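*Asks:*
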Amino acid sequence: MSASPSSANGAGVESELGWALRMVSSTFGRMATSSVADLPGGPRGYLVLVALAHGEPPSQLALAQQVNLDRTVMTYLLDDLEARQMITRRPDPRDRRARQVLITDEGRSRLERAQHGLSLAEARLLADLDEDDATHLRRLLMRVAQTAQREALIPDNDC
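When the sequence shown is numbered by full-length UniProt numbering, its final residue is 159 and no position is left out of the sequence of numbers.
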């Protein structure tokens with residue numbers, strides 16, 4: 001394994017991308033846990049509600065792909081969200097074998113509360129950045145996340 005550019009010049013662990021991503025992810029996860037704790041599936045349930053709050057109702061399969069969850073895990077999560085009246089499912093009018101997933105008013109209300117808590121956690125985490133830097137960081141992270149999502153869809157041929 002070759003050295004990364006930052007470790008080759010002796011900058012130390014603090015300049016490693018992997019270290020930075022892990023620190024941000026674990027700290028944000030810890031700070032944000034209480035904001036999504038009452039949602040079925042916690043962070044996974046939150047992502048499902050966010051995905052459902054915008055756009056055309058997706059099929060269960062499309063939703064699982066969008067939020068990068070295994071289909072079986074998605075089914076159980078949707079069962080839990082439906083039991084708490086946050087989502088509903090109906091046959092897809094274009095393909096009666098598929099089921100569309102829709103967010104309910106209760107789901108929207110719970111999502112708004114979670115988003116408020118998460119925005120407070122984000123503000124704490126980004127406290128050392130000015131507004132322009134925070135906006136720029138979000139844009140860059142979204143681009144990197146889209147690349148990561150595409151990479152996650154590529155079959156692993158190492159097996």
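Beta carbons are placed, not taken as given, at the ideal position from N, Cα and C, and that holds for glycine.
As the structure is a computational prediction, the values presented were derived from the model and not from experiment.
According to DSSP, L102 sits in a beta bridge with which residue or residues?
*Replies:* Against the sequence shown, residue 102 aligns to sequence position 102. As DSSP reads the structure, L102 sits in a beta bridge with T88.
*Asks:* Which same chain residues, not among the five before or five after E106, have their C-beta less than 7 Å away from its C-beta?
*Replies:* Along the sequence shown, one-based indexing puts residue 106 at 106. Correct list, in chain order: Q85 and M86.
*Asks:* Between the segment 122-136 and the segment 66-84, can you find at least three pairs of beta-carbon atoms closer than 8 Å?
*Replies:* no
*Asks:* Return the residue from the list G12, A20 and V36 that minimises the CA-CA distance to S109.
*Replies:* By 1-based counting over the sequence shown, the position of residue 109 is 109. Considering only alpha carbons, the answer is V36.
*Asks:* Going by beta carbon distance, what residues of the same chain come within less than 8 Å of P31, once the five residues before and after it are set aside?
*Replies:* Taking the first residue of the sequence shown as 1, we reach residue 31 at position 31. What sits at residue 31 in the sequence shown is Met, not Pro. Only A121, R124 and L125 meet the Cβ criterion.
*Asks:* Using only the alpha-carbon positions, how far apart do residue 161 and Q149 sit?
*Replies:* Residue numbering for the chain in the displayed model covers 1 to 159; residue 161 lies beyond these limits and cannot be assessed.
*Asks:* For residue 161, which of helix, strand or coil comes out of DSSP?
*Replies:* With the chain covering only 1 through 159, there is no way to say anything about residue 161.
*Asks:* Using alpha carbons as the reference points, say which of E151, A145, I154 and L153 lies closest to S25.
*Replies:* Locating residue 25 in the sequence shown gives position 25, where the first residue counts as 1. Among E151, A145, I154 and L153, the Cα nearest to that of S25 is on A145.
*Asks:* Applying the criterion that 16 or more other CB atoms from any shown protein chain within 10 Å of the CB defines a buried residue, is S7 buried or exposed?
*Replies:* Here residue 7 refers to the residue found at position 7 when the sequence shown is read from its first residue. Legend: pLDDT at S7 = 49, less than 50; position of this residue unreliable, no value from coordinates given.
*Asks:* Do you know offhand how far G29's Cα is from G117's?
*Replies:* If you number the sequence shown from 1, residue 29 lands on position 29. If you number the sequence shown from 1, residue 117 lands on position 117. Their Cα atoms are separated by approximately 12 Å.
*Asks:* By alpha-carbon positions, which one of R138, L153 and L49 ends up nearest to A114?
*Replies:* Counting from one through the sequence shown, the residue named residue 114 turns up at place 114. Here the closest residue by C-alpha is L49.
*Asks:* Alpha helix (DSSP H) containing S35: first to last residue?
*Replies:* Within the sequence shown, the letter at position 35 stands for residue 35. It spans L17 to V36 - the alpha helix (DSSP H) in which S35 sits, taken as one unbroken run.
*Asks:* Per DSSP, what kind of secondary structure is R139 in: helix, strand or coil?
*Replies:* For the purposes of this step, residue 139 is taken as residue 139 along the sequence shown, with counting starting at 1. Correct three-state label for R139: helix.
*Asks:* Once DSSP output is grouped into helix, strand and coil, what is the label at D95?
*Replies:* For the purposes of this step, residue 95 is identified with residue 95 of the sequence shown, where counting begins at 1. Residue state, collapsed to three classes: strand.
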